[in-house]
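Have a look at the structure below before the remarks.
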Amino acid sequence: VASTGMDAIVHAIEAYTVKPATFITDIFALEAAQILFSFLEAGYKDIKNDNSAREGLMKGSMLAGIAFGNSDVGAVHCISESIGALFDVPHGVANSIFLPYVMEFNLEVSTARYAEIARMIGIDKKNDNEAGLGLIKKIKDLSRVLNIPVFKDLGIKESYFQDIAQKSFQNNSNSSNPRKAGVEDYLGILRQAYNLNYS
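Numbering (my numbering), first residue to last: 18 to 216.
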């Protein structure tokens, strides 16, 4: 539940912020994000007995799937798909780990959209930048509650970072990311995640 639920959140956030997003995919992505943030923690705690959480997570995941299926994903998936191709790391786990770091990278161009999601889930900040940072903090905090591992826990050596970054850059979805990302940008994101450098 933890990593698959976070994976669905990644689908919603990336679908809402990528370049190919449309007003139609925005509707599905925002609704998905609201539902998923509302039910993920409860579902993690008692998915077998909490019917509301189970139903909510299924709906949220479906809506997020419709959203990204008709827009695209971005740099989070570029990294997680590259790691998944090289190592035995579950897709949802990799997505969960890199979401906040990619959001920090994208913040300067996605401020308003991150802020809209933040306010929708109850993060009330004075300006859009603070709201966006609040959303990133919420995701980091949620990952801790869900016991999502950190990058170093995966056992991937730094000597592989260049290859991961190159493959991420070559991913078909790289051009959809809201902020242009080159190989050096991906290396920076990998190093931040590895060293747990939260902004």
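Each residue gets a CB set at the ideal place from its N, CA and C atoms; glycine is no exception.
- The stretch 24–34 makes contact with the stretch 113–124, as at least three CB pairs between them are under 8 Å.
- In the three-state reduction of the DSSP assignment, residue 135 falls in the helix class.
- Residue 73 sits buried, since 16 or more C-beta atoms from the chains shown fall within 10 Å of its C-beta.
- With fewer than 16 other Cβ atoms from the protein chains shown falling within 10 Å of its own Cβ, residue 183 counts as exposed.
- Scanning its chain for C-beta atoms nearer than 7 Å, with the 5 sequence neighbours on each side dropped, one finds around residue 101 the residues 108, 111, in chain order.
- Taking the Cβ atoms as the reference, residue 211 lies roughly 15 Å from residue 103, outside the contact range of under 8 Å.
- Looking at the backbone, the Cα of residue 146 and that of residue 189 are separated by about 29 Å.
- Distance from residue 81 to residue 135 at the Cβ level is roughly 17 Å; contact not present, criterion being Cβ atoms closer than 8 Å.
- With contacts defined as CB atoms closer than 8 Å, residue 77 and residue 45 fail to qualify as a contacting pair.
- Taking the C-beta atoms as reference points, residue 131 is found no nearer than 8 Å to residue 159.
- According to the DSSP assignment, residue 102 belongs to the alpha helix (DSSP H) that extends over 92–103.
- Going by beta carbons, residue 37 and residue 69 fall outside the 8 Å limit.
- Secondary structure of residue 113 (DSSP, three-state): helix.
- By the beta-carbon neighbour count (other beta carbons within 10 angstroms, threshold 16), residue 41 is exposed.
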